[in-house]
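Student: Before anything else, here's the structure in question.
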Amino acid sequence: MRHCGLALALAALLLALAPRAFAVERHVSPTGNDGAAGSLALPYRTLRHALDRAGPGDTIYLHAGTYPEAVSTNDGAIRGGTSWSNALVIASYPGDMVVLAPPAGTHRVLMFASAQASYVVVRGLVLDARNVRYEGVKITWSSSKSNSSHHVRIEDSEVVGAPGQGVLVTGHHNEFLRLRVHRNGVTDFDHGFYIASPDNLIDGCEVFDNAGWGVSVFNGHANESDRNIVRNNRIHHNARAGRRGAGIILSSGDDNVAINNVIYGNKIGIHVDYGSLRARVYNNTIFAQATDGIHVGAGASDTDVRNNLVFDSVANFTNAGRRTTTGTNLFGGNPGVVDAARFDAHLLASSAAIDQGTTLDTVPFDHDQVPRPQGAAYDVGAYEYPRLAPPILQPISE
Numbered sequence: 017m018r019h020c021g022l023a024l025a026l027a028a029l030l031l032a033l034a035p036r037a038f039a040v041e042r043h044v045s046p047t048g049n050d051g052a053a054g055s056l057a058l059p060y061r062t063l064r065h066a067l068d069r070a071g072p073g074d075t076i077y078l079h080a081g082t083y084p085e086a087v088s089t090n091d092g093a094i095r096g097g098t099s100w101s102n103a104l105v106i107a108s109y110p111g112d113m114v115v116l117a118p119p120a121g122t123h124r125v126l127m128f129a130s131a132q133a134s135y136v137v138v139r140g141l142v143l144d145a146r147n148v149r150y151e152g153v154k155i156t157w158s159s160s161k162s163n164s165s166h167h168v169r170i171e172d173s174e175v176v177g178a179p180g181q182g183v184l185v186t187g188h189h190n191e192f193l194r195l196r197v198h199r200n201g202v203t204d205f206d207h208g209f210y211i212a213s214p215d216n217l218i219d220g221c222e223v224f225d226n227a228g229w230g231v232s233v234f235n236g237h238a239n240e241s242d243r244n245i246v247r248n249n250r251i252h253h254n255a256r257a258g259r260r261g262a263g264i265i266l267s268s269g270d271d272n273v274a275i276n277n278v279i280y281g282n283k284i285g286i287h288v289d290y291g292s293l294r295a296r297v298y299n300n301t302i303f304a305q306a307t308d309g310i311h312v313g314a315g316a317s318d319t320d321v322r323n324n325l326v327f328d329s330v331a332n333f334t335n336a337g338r339r340t341t342t343g344t345n346l347f348g349g350n351p352g353v354v355d356a357a358r359f360d361a362h363l364l365a366s367s368a369a370i371d372q373g374t375t376l377d378t379v380p381f382d383h384d385q386v387p388r389p390q391g392a393a394y395d396v397g398a399y400e401y402p403r404l405a406p407p408i409l410q411p412i413s414e
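Quick look at the structure:
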């Protein structure tokens, strides 16, 4: 019996490892052939052909060129992974410039709308949405919320030119890392990111020149846009359509967080309102807003605002919220930054922000991934002084 138990345990282990053991690379090139083997030497021609054959643990490499295609669950099954370590990966081949530019009339560049299309990583692509009808990227559900796509990670990529939202998310536990999201939307209802679901992460992105808000965390239904994290982003010159629009809005959800963001050139820097509960606004640098740097509206409760450096806005801080707490912020005055006119808000040695912050466990690094503190205490704002060389990251396609 003991040997039988060991055999069963070994069989279970081999089964668990099987998806990774048989994972394959599939290559696609504009000069390839869908009748080929899909190898590096004999690549497929279309991404859709590769998706029809790929599954958990596989990597689809797209070689240099422009592909007149979309990735959509409406056009066929997408078999995602079972975990981040066993994900389906769709990536540019290292060093190659890859553009997905679907033809006119296509609904979206990327559309994930089923639980099967989860644990998918998209890496190193330009998602050119100028010809689509709606959003650049949509992660959502079909038939019921239990059939939602989730755990989709898009990294080191670009989302540009959509007539609607750049990225619209109603699925949960998704990650957006080091993206450039810009020139999306035609009205102030069209945002760079529109997050209407819980447990999503926006980290290290540049979000700019969008028609509406840079990042909108909002859902008209209570408790459906909770625990989202917006951190380490550069968010600027949004709200180019209409008379309103924030760099970031945290609303209608519980425990949403905005930390280490550098925000300038919008109508409002960070807006907290419309049913927000326990939002945290920590260590952001906000300047050159047309109206408020930070605005906590009457619809917000228990907002915590700490360690923010806010200057050069019509009103640096306004608060009409219930039970708002503040501490160790610097609102107005001479901020002591390198060159705000050129949007460099790193601290000078003479800055009053140095060593004036509160220690916050949720902000152990600054915007450049420099450990906090560098001196006797945390600095106020998104940057620690002195400025250290940030880690080398994979560059985002221009």
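Each residue of the sequence shown is one higher than the one before, starting from 17 at the first, in the working numbering.
The beta carbon of each residue, even a glycine, is placed where N, CA and C say it ideally should be.
Looking at S165: is its Cβ nearer than 8 Å to the Cβ of G187?
Tutor: Yes, the Cβ-Cβ distance between S165 and G187 is below 8 Å.
Student: If I170 sits next to V153, beta carbons under 8 Å apart, how far is it from one beta carbon to the other, in whole angstroms?
Tutor: Indeed they touch by this definition, with Cβ atoms about 7 Å apart.
Student: Considering H198, what are the terminal residues of the beta strand (DSSP E) in which it resides?
Tutor: Note, H198: beta strand (DSSP E), 196 to 198.
Student: Assuming the contact rule is C-beta atoms closer than 8 Å, Y109 and L78 should be a hit. Round their C-beta distance to whole Å, please.
Tutor: 6 Å between Cβ atoms; contact.
Student: Please say whether L217 and E240 have beta carbons closer to each other than 8 Å?
Tutor: No. Outside cutoff.
Student: Thinking C-alpha only, which one of A145, D172, A133 is nearest G111?
Tutor: Among A145, D172, A133, the Cα nearest to that of G111 belongs to D172.
Student: Here's the rule I'm using: 16 or more other beta-carbon atoms within 10 Å means buried, otherwise exposed. How should S366 be labelled?
Tutor: Burial call: exposed.
Student: Between the Cα of R64 and those of I76, A57, L58, S55, spot the shortest distance and give me the residue it belongs to.
Tutor: Of the candidates I76, A57, L58, S55, the one whose C-alpha sits nearest the C-alpha of R64 is I76.
Student: Closer than 6 Å by C-beta to S329: which residues in its own chain qualify, once you throw out the five before and the five after it? Chain order, please.
Tutor: Cβ within range, chain order: Q305, G309.
Student: Count the other C-beta atoms from every protein chain shown that fall within 10 angstroms of the C-beta of L293, then say buried if there are 16 or more, exposed otherwise.
Tutor: By the 10 Å Cβ count, L293 comes out buried.
Student: Can you name the start and end residues of the alpha helix (DSSP H) that A66 belongs to?
Tutor: Unbroken alpha helix (DSSP H) run through A66: 63 to 69.
Student: Quick one: grab the DSSP three-state call for W100.
Tutor: It is helical.
Student: Contact defined as beta carbons within less than 8 Å: I believe Q390 pairs with E400. What is the distance between those atoms, to the nearest angstrom?
Tutor: That pair is a contact at about 5 Å.
Student: Roughly how many angstroms separate the alpha carbons of A331 and V125, rounded to a whole number?
Tutor: So the two alpha carbons sit approximately 39 Å from each other.
Student: Determine, using beta carbons only, whether A316 and V288 come nearer to each other than 8 Å.
Tutor: It is a contact, given that the beta carbons lie within the stated cut-off.
Student: Could you round the C-beta distance between T307 and I284 to whole angstroms and report it? I think they count as a contact, below 8 Å.
Tutor: Correct: roughly 6 Å between the Cβ atoms.
Student: Going by the DSSP bridge assignment, what does R322 pair with across the sheet?
Tutor: For R322, which the question treats as bridged, DSSP gives the partners Y298, G343.
Student: For N277, count neighbouring Cβ atoms within 10 angstroms of its own Cβ and tell me buried if that reaches 16, exposed if not.
Tutor: It is buried - the Cβ of N277 has at least 16 other Cβ atoms within 10 Å.
Student: When we look at the beta-carbon of T82 and count the other beta-carbons within 10 Å, is it buried (16 or more) or exposed?
Tutor: By the neighbour-count rule (16 or more Cβ atoms within 10 Å), T82 is not buried but exposed.
Student: Tell me which residue opens and which closes the beta strand (DSSP E) that K154 is part of.
Tutor: Per DSSP, K154 belongs to the beta strand (DSSP E) from 153 to 155.
Student: To the nearest angstrom, how far is the alpha carbon of I94 from that of R338?
Tutor: Distance between the alpha carbons of I94 and R338 is about 45 Å.
Student: Go ahead and pull the three-state DSSP assignment for R42.
Tutor: R42 falls in the strand class under three-state DSSP.
Student: With 16 other CB atoms within 10 Å as the buried threshold, where does R322 fall?
Tutor: Buried: at least 16 other Cβ atoms inside 10 Å.
Student: If we call anything under 8 Å between Cβ atoms a contact, is G201 one with G230?
Tutor: No. Outside cutoff.
Student: For a minimum of 3 consecutive residues, which ranges assigned as the beta strand (DSSP E) are wholly contained in the stretch 128 to 178?
Tutor: Segments of the beta strand (DSSP E) lying fully in the stretch 128 to 178: 136 to 139, 142 to 144, 153 to 155, 168 to 171, 174 to 176.
Student: Helix or strand or just coil, what does DSSP make of A393?
Tutor: Residue state, collapsed to three classes: coil.
Student: Which one of V87, T301, A52 has the shortest CA to CA distance from I275?
Tutor: It is T301.
Student: When you compare each of T62, N226, D219 to H207 by their alpha carbons, which one comes out closest?
Tutor: H207 has its Cα closest to that of N226, out of T62, N226, D219.
Student: Measure the CB-CB distance between G349 and F327 and report whether it falls below 8 Å.
Tutor: In contact: G349 and F327 (Cβ atoms closer than 8 Å).
Student: By alpha-carbon positions, which one of N272, R243, N282, R247 ends up nearest to G258?
Tutor: Among N272, R243, N282, R247, the Cα nearest to that of G258 belongs to N282.
Student: Run through DSSP, which three-state label would A53 get?
Tutor: Looking at A53 - three-state DSSP - the assignment turns out to be coil, as it is neither helix nor strand.
Student: Looking at the structure shown, is R95 part of a helix, part of a strand, or coil, going by DSSP?
Tutor: Coil at R95, not helix or strand.
Student: Go ahead and label D144 buried or exposed: buried means 16 or more other beta carbons lie within 10 angstroms of its beta carbon, across all protein chains shown.
Tutor: Under this definition D144 is a buried residue.
Student: Return yes when the Cβ of R61 is within less than 8 Å of the Cβ of R42, no when it is not.
Tutor: Their beta carbons are not under 8 Å apart, which means R42 does not touch R61 by this criterion.
Student: Give a yes or no on whether the C-beta atoms belonging to A361 and L346 are separated by under 8 Å.
Tutor: No, Cβ-Cβ distance for A361 and L346 is not below 8 Å.
Student: For A295, which of H311, S101, T319 has the nearest alpha-carbon?
Tutor: Comparing Cα-Cα distances from A295 to each of H311, S101, T319, the minimum goes to T319.
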